[in-house]
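Worksheet: one structure, shown below.
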Amino acid sequence: MNKIENTLALIKDEFSIFSDPRDKYVYLVDLAKDTKGLNEDERIEENRIHGCTSQAWVIKKLSGQSYTFTTDSDAMIVKGLLSLIERSFNGHTKEEILNINGSLFLESIGLGSAISSQRTNGFSNAIHKIQNELLD
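Quick note: the sequence shown, position 112, residue 111 per numbering that gives the first Met the number 0, numbers continuous.
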């Protein structure tokens, strides 16, 4: 198991304490409140995640061999979901990030059935955008 998979397992454990999907949404909102987000001048089209029903953005920065991602959204649940990407991918290499199956990310942390299909698609698009930018 690589380091990202270890983080995904920890996140799954955190969400497993909630049996009611509404409690998972409340926790996502709490996570969103704890994230810094982006400045207004960083919320530009180039950083926008397409395919999300809400507005969402991601910025990547390379430091040595590892990446740091900063995300934001105008919807708190989406912002909370994006914070899970930051937590999982920050400090990891291109190869480690590319080895993650974006369409199974939410399932791997136990949120696959708790999140609406629109949000699931948008979240998958966020991971797809990150992975595509790493290939450029």
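From the three backbone atoms N, C-alpha and C, an ideal C-beta is built for every residue, glycine too.
Asked: Given 8 Å, three or more beta-carbon pairs between the region 84–94 and the region 119–129; Found: yes
Asked: Nearest residue (CA-CA) to glutamate 41, options Gln117, Tyr26, Val57 and Ala31; Found: Val57
Asked: Separation of threonine 34 from threonine 67, as counted between CA atoms; Found: 14 Å
Asked: The region 14–26 touching the region 91–103, judged by at least three CB pairs closer than 8 Å; Found: no
Asked: Reduced DSSP secondary structure (H/G/I, E/B, other) of phenylalanine 17; Found: coil
Asked: Residue range of the beta strand (DSSP E) that includes serine 62; Found: 55–62
Asked: Nearest-angstrom beta carbon gap, asparagine 1 and glutamate 95 [assumed within contact, 8 Å]; Found: 6 Å
Asked: Alpha carbon of isoleucine 84 to alpha carbon of serine 72, nearest angstrom; Found: 13 Å
Asked: CB of threonine 92 within 9 Å of CB of serine 116, strictly; Found: no
Asked: Own chain, CB closer than 7 Å to leucine 7, minus 5 neighbours either side, in chain order; Found: Ser87, Ser107 and Ile108
Asked: Beta-carbon proximity of alanine 113 to glycine 79, cut-off 9 Å; Found: no
Asked: Other residues of its chain near asparagine 46: CB distance less than 8 Å, five sequence neighbours each side excluded; Found: Leu37, Trp56, Val57 and Ile58
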